């Protein structure tokens, strides 16, 4: 349980730092900042086991798109919307632009975290 709380603390701090650095000019950063502010107001304590159960339900529902009912591109766009914060409310062009920027920021975040890990392991 302690490991899960640490993970969530680091993840939330990294998300908050990334969204704060981008500011409010991007929809995904506004969505993340809003989500973080709401979770801190209620000072939620995260339940790791409930979180794992939710993830397994999501995996089972992911294969909802049927090739006969929807064109593959639309199905793929809907899947991408789930990964971009705030993507559910965007049209396809805006969502692709936001997704590209979000991925770029995530790559930068990974590089920063790797450097921090290297520095900490060297000490």
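Residue numbers (UniProt numbering): 1 to 123.
Backbone N, C-alpha and C fix where the C-beta goes; we use that ideal spot for every residue, glycine too.
The structure displayed is predicted, hence computed values, not measured ones.
Euclidean distance between Cα positions of residue i and residue j
{"i": "residue 91", "j": "residue 7", "result": "32 Å"}
{"i": "residue 76", "j": "residue 122", "result": "42 Å"}
{"i": "residue 81", "j": "residue 87", "result": "5 Å"}
{"i": "residue 19", "j": "residue 95", "result": "17 Å"}
{"i": "residue 73", "j": "residue 89", "result": "17 Å"}
{"i": "residue 5", "j": "residue 78", "result": "30 Å"}
{"i": "residue 3", "j": "residue 37", "result": "23 Å"}
{"i": "residue 112", "j": "residue 83", "result": "21 Å"}
{"i": "residue 9", "j": "residue 24", "result": "22 Å"}
{"i": "residue 107", "j": "residue 17", "result": "14 Å"}
{"i": "residue 103", "j": "residue 35", "result": "19 Å"}
{"i": "residue 110", "j": "residue 120", "result": "15 Å"}
C-beta atoms of residue i and residue j nearer than 7 Å
{"i": "residue 85", "j": "residue 33", "result": "no"}
Coarse secondary structure for residue i, derived from DSSP in three states
{"i": "residue 1", "result": "coil"}
{"i": "residue 113", "result": "helix"}
{"i": "residue 86", "result": "coil"}
{"i": "residue 91", "result": "coil"}
{"i": "residue 26", "result": "coil"}
{"i": "residue 123", "result": "coil"}
Anticipated Cβ contact below 8 Å, residue i with residue j, distance rounded
{"i": "residue 22", "j": "residue 105", "result": "6 Å"}
The stretch 88-108 in contact with the stretch 7-14 per 3-pair CB rule at 8 Å | no
Indicate whether the contact test is met: 3 or more Cβ pairs, each with one atom in the stretch 22-38 and one in the stretch 110-117, closer than 8 Å.
-> no
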